[in-house]
Every structure is written in C-alpha cells, then in structure tokens.
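Undergrad: Numbering (the UniProt record's numbering), first residue to last: 1 to 198.
Every residue gets a Cβ at the ideal spot worked out from N, C-alpha and C, and that includes glycine.
Quick one: the structure is below, and I'll ask about it shortly.
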C-alpha cells in the first residue's frame with residue numbers, strides 16, 4: 001500500500017460545477033444497471049465484451065469489491081459521475097494502473113450513458129480526475145487509449161489537453177475483437193503551462 005496521505009483517508013469526492021465524482025456504493029446498483037442497460041448498444045462497440053451476468057447483482061458486488069481492493073492497494077481510484085443539480089448518475093471514470101517510483105503514471109478509462117453524451121459532463125469529469133492525479137496523487141503522467149473510430153472520445157481527450165502520441169497496434173480486445181488504439185497522454189507540465197485550462 002502506498003504511503004500517500006490520501007490513501008489513508010476516506011475515499012475522495014471531486015466536485016465541479018456540473019458534476020460530482022464519488023466512489024460507487026452498493027445503493028447505486030439499480031441506477032447503474034438501468035443506465036448501462038439503456039445504453040448497451042451505445043457502449044458495446046467501445047468496451048470489452050459484456051459477460052452474460054454483466055448487469056446482475058452478484059457481478060455488481062464483485063465489481064464493488066474490486067474497486068475497494070484496488071483503492072486499498074493504491075492501484076486504482078474508481079468514480080461514478082453524477083449530475084450536480086439532479087444527482088443523476090451519468091457515467092463512470094477510473095484512474096487505474098497507478099504506478100509511483102520512476103513512472104509516476106496512471107491510465108484513465110471512462111464511459112457515459114447515451115442520454116448524457118455530448119453535454120460536456122465527461123470533459124469536466126476528465127479535468128477533475130486529471131487535477132486529482134497531478135495535485136493530490138502527485139503523478140507525472142496520465143494516459144488514455146481510444147479506438148481511432150471513436151470520434152467522441154478523441155474530441156473529449158483533445159479538449160481536455162491530452163496529446164496524441166501514437167498508435168498502439170492490436171492493443172485491447174474490445175467487443176471480442178483485438179483493436180488498434182490511439183495513445184493519448186497528459187503530463188503535469190502541460191497543466192502547469194496552462195494548456196488544459198478553458
């Protein structure tokens with residue numbers, strides 16, 4: 001376990017103007033499963049193939065256990081994204097594969113419900129998590145990978161200041177097929193230089 005102070009405190013909540021990010025809890029199950037079910041066709045092209053029990057309560061409990069274990073080990077921080085005004089769940093974002101030492105890096109993954117796409121929620125969530133990664137966790141670099149056809153994800157990453165660094169061939173198995181991905185990255189110096197503001 002890392003000795004960083006935040007890992008000894010209660011799980012963090014990040015607050016923006018339009019969204020609030022917090023750890024998933026057991027009571028989120030119904031809203032999470034309903035949003036994921038309603039958005040299935042929208043999400044499936046960009047995610048690993050859903051297992052048969054993807055939305056069942058047992059799989060949900062295992063997911064929560066994994067989130068908590070990863071957080072306790074200091075290897076990942078998972079957030080759900082909620083609309084500030086209504087409190088509705090709109091999506092999720094995770095900072096994972098956290099490494100310290102000479103790397104000081106992490107990887108970001110995210111999803112959003114179809115009905116909430118295109119409203120700027122993910123852009124704000126991505127900026128909140130980026131600041132958290134650099135200012136609270138003291139990481140130097142965060143990465144995100146996306147399929148070249150995922151124009152929405154590319155726009156969000158570029159608006160958040162991430163820079164495309166290359167193409168990762170046959171990088172992840174998405175929806176049952178090995179897919180190429182663009183690699184995007186943001187480093188702490190980018191934020192200090194002001195390029196992620198606005």
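Using beta-carbon positions only, say whether residue 89 and residue 80 come within less than 9 Å of one another.
TA: The count along the chain shown starts at 1 and reaches residue 89 at position 89. The count along the chain shown starts at 1 and reaches residue 80 at position 80. In contact: residue 89 and residue 80 (Cβ atoms closer than 9 Å).
Undergrad: Between residue 121 and residue 49, which are expected to be in contact by the criterion C-beta below 8 Å, what is the C-beta distance as a whole number of angstroms?
TA: On the chain shown, residue 121 is found 121 positions in, with the first residue counted as 1. On the chain shown, residue 49 is found 49 positions in, with the first residue counted as 1. Residue 121 to residue 49, Cβ: 26 Å. No contact.
Undergrad: Residue 123 and residue 144 - do their beta-carbons sit closer together than 9 Å?
TA: Counting from 1 along the chain shown, the entry for residue 144 is found at position 144. Counting from 1 along the chain shown, the entry for residue 123 is found at position 123. Not a contact, by the Cβ cut-off of 9 Å.
Undergrad: Run through DSSP, which three-state label would residue 200 get?
TA: Residue 200 lies beyond the range of the chain shown here (1 to 198); nothing can be said about it.
Undergrad: Can the beta-carbon of residue 24 be found less than 9 Å from the beta-carbon of residue 77?
TA: Reading the chain shown from its first residue, position 24 is the one you call residue 24. Reading the chain shown from its first residue, position 77 is the one you call residue 77. Going by C-beta atoms, residue 24 is not nearer than 9 Å to residue 77.
Undergrad: Measuring alpha carbon to alpha carbon, tell me which of 148, 136 and 118 ends up nearest residue 199.
TA: Nothing about residue 199 can be reported from this structure: the residues present for the chain run from 1 to 198 only.
Undergrad: Run through the segment 36-103 for me and flag every whole beta strand (DSSP E) of 3 or more residues, listed as ranges in chain order.
TA: The qualifying runs are 77-83 and 89-99.
Undergrad: With distances taken from CA atoms, which of 41, 147 and 142 is nearest residue 95?
TA: Here residue 95 is taken as the residue at index 95 of the chain shown, counted from 1. The option with the nearest alpha carbon to residue 95 is 142.
Undergrad: Could you please give the first and the last residue of the uninterrupted alpha helix (DSSP H) stretch that includes residue 125?
TA: In the chain shown, the residue the question calls residue 125 occupies position 125. Where residue 125 is concerned, the enclosing alpha helix (DSSP H) stretches over 121-131.
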